[in-house]
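Which chain is which? The protein sequence lines are A and B, in order.
Counting in our numbering, the first sequence runs from 1 upward without gaps.
Counting in our numbering, the second sequence runs from 1001 upward without gaps.
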Amino acid sequence: MTIEVRELTKRFGGTVAVDALSFTVRPGRVTGFLGPNGAGKSTTMRIILGLDAADSGTALVDGRPYAELRHPLKQVGALLDATAVHPARSAAAHLRVLAASNGIEAARVPQVLARTGLAEVGRRRVGGFSLGMKQRLGLAAALLGDPPVLMLDEPVNGLDPEGVHWIRGLLKELAREGRTVFVSSHLLAEMALTADHLVVIGRGRLVADASLADFVAADTAASASNPLMAFEEAYLRATAGVVDFDTSQAAGVGSVTPEGTGETRTQQ
Amino acid sequence: MITAPTTGRAVHAEWIKIRSLRSTWLTALLAVAAAVGFAILAYRSNAHQWPTWSASQRAAYDPVRAGYAGPVELAVLALGTLGVLSASGEYGTGLIRATFTATPRRAHVVAAKAIVVGGFTLVLGEATAFTIFEVGQHLISSTGAQVSLSHPHVARAVAGVGLYLAACALIGLGLGFVIRRTAGALAALFGVLLVADLLLGSISDTAAKVALPTVFARIAGILPPSPHQARIEPSVPAAFAILAGYVVLSVGAAFLAVRQRDA
Chain A
1 MTIEVRELTK
11 RFGGTVAVDA
21 LSFTVRPGRV
31 TGFLGPNGAG
41 KSTTMRIILG
51 LDAADSGTAL
61 VDGRPYAELR
71 HPLKQVGALL
81 DATAVHPARS
91 AAAHLRVLAA
101 SNGIEAARVP
111 QVLARTGLAE
121 VGRRRVGGFS
131 LGMKQRLGLA
141 AALLGDPPVL
151 MLDEPVNGLD
161 PEGVHWIRGL
171 LKELAREGRT
181 VFVSSHLLAE
191 MALTADHLVV
201 IGRGRLVADA
211 SLADFVAADT
221 AASASNPLMA
231 FEEAYLRATA
241 GVVDFDTSQA
251 AGVGSVTPEG
261 TGETRTQQ
Chain B
1001 MITAPTTGRA
1011 VHAEWIKIRS
1021 LRSTWLTALL
1031 AVAAAVGFAI
1041 LAYRSNAHQW
1051 PTWSASQRAA
1061 YDPVRAGYAG
1071 PVELAVLALG
1081 TLGVLSASGE
1091 YGTGLIRATF
1101 TATPRRAHVV
1111 AAKAIVVGGF
1121 TLVLGEATAF
1131 TIFEVGQHLI
1141 SSTGAQVSLS
1151 HPHVARAVAG
1161 VGLYLAACAL
1171 IGLGLGFVIR
1181 RTAGALAALF
1191 GVLLVADLLL
1201 GSISDTAAKV
1211 ALPTVFARIA
1221 GILPPSPHQA
1231 RIEPSVPAAF
1241 AILAGYVVLS
1251 VGAAFLAVRQ
1261 RDA
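If you want it as structure tokens, here you go:
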């Protein structure tokens, strides 16, 4: 099952968030979705899920618009915003709601809670969860329908090192099972370790659609001997023309801010 | 197209949502207890003052409306808020995106919420209206003014008050979907429920007839309106039609709003 985005365009007022974007996400591998903050990654994912309407172009899952899927959670598992849960509802009740809406048997709820390490806290209110626990709950929701396609927006945010390690293994395992795994992130090191393939966008436009190795090899100016540094150099050069702000004046290219994003907003 | 199985699953999901929140049950308990409690105080006061009333005062006493006007409006606010929150709460937390991702045909979500919120508040509303009636008539039995359920118009008034409560929750639900912010939707709901009669009454007597507080007064009473009231109150069938009109407008606007906007 593939995700196919063709000539997708979305404007918010006068701003073009997604600009004639085309790419295909294929099964059996982890596809990393990279780009600077504000590049349009989340908007693209929301359009694929039918939450936002595109101004033009198409986004298809298995050849059909998402909104036409009969039991969408059995076909696409999505994690958009882990904090988007009702704080007073228990984790298990949150998942039971989603299961009921798609005709998924309630017995899946304890299974996905166990798979995401939440078996002990399923009956606790989500309001008391850390961001990392909410990310795990979001993943549990995505896995609920045992879907062939997974679409995860920044799933690593808020996870501790053990959680990051766990999710890396989980994503690779899901891809090995033949699923289509599409993961956005701005953590280059994490993508270098997890992704097999990359879709890089900037200002809503496609910058690169290549395997990790090809993406780095295509950067002929790469000077770093460390593979991660080479990847970072290639990424920064590829997106240099499409960032809305200049990092070099603020903190030096490639330096990492306390937020871990490596991006600092300054005046041009 | 709304198909039965999809709507059925969406209804099941919404039912789990509403019952898995403690606030639902606290709100319900508060609404019923406050309405019944204040109705008891009102009827006890009526029974106490009855001997001092003149014949015309006694003739103007509506033994059914006496327990509803005031006390039930507390329950209206509580259950209306429940309706608002069941939509605006999802926009506030962002949960609405998970809901629409699970059920991309958004009309099903609105329909399911309307069925669950409407059904839940109808049961509460009828229970409240019936309890107030039974307890109240017992409390005023010393006056001889008490009526039974089989007395003309009484069953319509009791059932109508329960229906009015459910209708207000549905109006709140529609406003929650359209306005999406809890504070704004609540302000709009309270305006419609509490202030509209003053506002519309200042325009004209005809305008006053479509104000919800006036509609409620007509539905909740069994006495024919006085000449003065008849100018500003709708007939009973018109009152129910106006109430239905509010629900159709509010929930109808919700269907349009979810279809056209990005979530």
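Glycine is no exception: its CB is placed at the ideal position from the N, C-alpha and C atoms.
Since this is a predicted model, take the numbers as computed values, not measurements.
Given that residue i touches chain A, what residues does it touch there, using C-beta distances under 8 Å?
i, result
"residue 1016/B", "93, 96, 97 and 100"
"residue 1105/B", "67"
"residue 1180/B", "Under the 8 Å cutoff, chain A gives no residues; its nearest Cβ is about 14 Å from residue 1180/B."
"residue 1089/B", "86"
List, in chain order, every chain A residue whose beta-carbon is nearer than 7 Å to that of residue i.
i, result
"residue 1012/B", "100"
"residue 1262/B", "51, 52 and 53"
"residue 1100/B", "51"
"residue 1044/B", "Those within 7 Å of residue 1044/B in chain A number zero; the least Cβ separation is about 37 Å."
Which word fits residue i, buried or exposed, when buried means at least 16 other C-beta atoms lie within 10 angstroms of its C-beta?
i, result
"residue 272/A", "The shown model of chain A, from 1 to 268, leaves out residue 272/A, and the question about it has no answer."
"residue 5/A", "buried"
"residue 12/A", "exposed"
"residue 1200/B", "buried"
"residue 7/A", "exposed"
"residue 165/A", "exposed"
"residue 249/A", "Unreliable positioning characterises residue 249/A in this predicted model, as indicated by a pLDDT of 49, which lies under 50. A coordinate reading is not provided."
"residue 1018/B", "buried"
"residue 1014/B", "buried"
"residue 226/A", "exposed"
"residue 1045/B", "exposed"
"residue 72/A", "buried"
"residue 58/A", "exposed"
"residue 105/A", "exposed"
"residue 1011/B", "buried"
"residue 1218/B", "buried"
"residue 204/A", "buried"
"residue 1016/B", "buried"
"residue 1262/B", "exposed"
"residue 1048/B", "exposed"
"residue 1258/B", "buried"
"residue 1224/B", "exposed"
"residue 101/A", "buried"
"residue 1226/B", "exposed"
"residue 1179/B", "buried"
"residue 1052/B", "exposed"
"residue 140/A", "buried"
According to DSSP, which residues form a beta bridge with residue i?
i, result
"residue 90/A", "125/A"
"residue 154/A", "Answer by DSSP bridge pairing: none, since residue 154/A is not bridged."
"residue 1012/B", "Bridge partners of residue 1012/B: none, in fact."
"residue 52/A", "Paired residues: none, contrary to the question."
"residue 30/A", "181/A"
"residue 21/A", "8/A"
"residue 1158/B", "Answer is none; residue 1158/B lacks a bridge partner."
"residue 209/A", "199/A"
"residue 221/A", "Beta-bridge pairing links residue 221/A to no other residue."
"residue 14/A", "BP columns for residue 14/A are empty, so no partner."
"residue 79/A", "152/A"
Can you list the residues of chain B that residue i reaches, using a CB-CB cut of under 7 Å?
i, result
"residue 89/A", "1020 and 1021"
"residue 186/A", "Simply none; closest approach about 20 Å."
"residue 103/A", "1009"
Strictly below 9 Å CB to CB, what residues from chain A border residue i?
i, result
"residue 1255/B", "Here the premise fails: no neighbours, minimum Cβ distance about 16 Å."
"residue 1093/B", "83, 84, 85, 86 and 87"
Any heavy atom of the ligand COA inside 6 Å of the beta-carbon of residue i?
i, result
"residue 1261/B", "Annotation note on the ligand COA: not contained in the displayed structure, which lists no ligands."
Under 9 Å Cβ-Cβ, which residues of chain B neighbour residue i?
i, result
"residue 73/A", "1101 and 1102"
Residues of chain B with CB closer than 8 Å to the CB of residue i, please, in chain order.
i, result
"residue 141/A", "1098"
**Asked** Name the residues in the stretch 148-169 of chain A whose C-beta lies less than 8 Å from a C-beta of chain B; which are they?
**Response** Within the stretch 148-169 of chain A, contact with chain B at the beta-carbon level (separation under 8 Å) is assigned to no residue.
**Request:** Evaluate the contact criterion for the stretch 1175-1183 of chain B versus the stretch 1128-1144 of chain B: three or more CB pairs, one atom per stretch, below 8 Å.
**Result:** Of all C-beta pairs linking the stretch 1175-1183 of chain B to the stretch 1128-1144 of chain B, fewer than three are shorter than 8 Å, placing the two stretches out of contact.
**Request:** Determine contact between the stretch 1236-1251 of chain B and the stretch 1199-1213 of chain B, defined as no fewer than three beta-carbon pairs at a distance below 8 Å.
**Result:** Three or more pairs of CB atoms, one per stretch, sit closer than 8 Å, so the stretch 1236-1251 of chain B contacts the stretch 1199-1213 of chain B.
**Request:** Check whether the stretch 1152-1170 of chain B touches the stretch 1040-1056 of chain B, counting contact only when three or more Cβ pairs, one atom from each stretch, lie closer than 8 Å.
**Result:** Too few Cβ pairs lie closer than 8 Å, so no.
**Request:** Using a Cβ-Cβ cut-off of less than 8 Å, list which residues of the stretch 1222-1241 of chain B approach chain A; keep chain order.
**Result:** Listed by position along the chain: nothing, the set is empty.
**Asked** So, do the stretch 1189-1200 of chain B and the stretch 1102-1120 of chain B have three or more beta carbon pairs nearer to each other than 8 Å?
**Response** No, the stretch 1189-1200 of chain B is not in contact with the stretch 1102-1120 of chain B.
**Message:** Can you confirm whether the stretch 85-94 of chain A touches the stretch 48-68 of chain A when touching is taken to mean that 3 or more C-beta pairs between the two stretches lie within less than 8 Å?
**Reply:** Result no; under three Cβ-Cβ pairs closer than 8 Å.
**Asked** Counting pairs of Cβ atoms below 8 Å between the stretch 118-125 of chain A and the stretch 150-164 of chain A, do you hit three or more?
**Response** Touching, no, given that fewer than three Cβ pairs across the two stretches are closer than 8 Å.
**Request:** Evaluate contact between the stretch 1085-1092 of chain B and the stretch 1228-1243 of chain B, counting only Cβ atoms and requiring at least three cross-stretch pairs below 8 Å.
**Result:** Taking one beta carbon from each stretch, the stretch 1085-1092 of chain B and the stretch 1228-1243 of chain B have fewer than 3 pairs nearer than 8 Å; the two do not touch.
**Prompt:** Which residues, in order along the stretch 54-66 of chain A, keep a beta-carbon less than 8 Å from a beta-carbon of chain B?
**Reply:** Residues of the stretch 54-66 of chain A that bring their beta carbon within less than 8 Å of a beta carbon in chain B comprise 66, in sequence order.
**Message:** Counting beta carbon pairs with one atom in the stretch 1069-1080 of chain B and one in the stretch 235-244 of chain A, are three or more of them shorter than 8 Å?
**Reply:** Contact annotation: the stretch 235-244 of chain A does not touch the stretch 1069-1080 of chain B, with fewer than three C-beta pairs closer than 8 Å.
**Asked** Does the pairing of the stretch 1059-1074 of chain B with the stretch 30-50 of chain A give three or more beta-carbon distances under 8 Å?
**Response** Touching, no, given that fewer than three Cβ pairs across the two stretches are closer than 8 Å.
**Asked** For the stretch 23-32 of chain A against the stretch 195-205 of chain A, are there 3 or more C-beta pairs whose distance is under 8 Å?
**Response** Taking a cut-off of 8 Å for Cβ pairs, the stretch 23-32 of chain A and the stretch 195-205 of chain A touch, as three or more such pairs fall below it.
**Message:** Check whether the stretch 106-119 of chain A and the stretch 1023-1033 of chain B touch, using three or more Cβ-Cβ pairs below 8 Å as the test.
**Reply:** With a cut-off of 8 Å on Cβ pairs, the stretch 106-119 of chain A is not in contact with the stretch 1023-1033 of chain B, counting fewer than three such pairs.
**Message:** Closer than 8 Å between beta carbons: that is the criterion. Which residues of the stretch 212-244 of chain A meet it against chain D?
**Reply:** No chain D is part of this structure, whose protein chains are labelled A and B.
**Message:** Against chain B, which members of the stretch 15-33 of chain A pass a CB distance test of less than 8 Å?
**Reply:** In summary, no residue of the stretch 15-33 of chain A has a CB separated from any CB of chain B by less than 8 Å.
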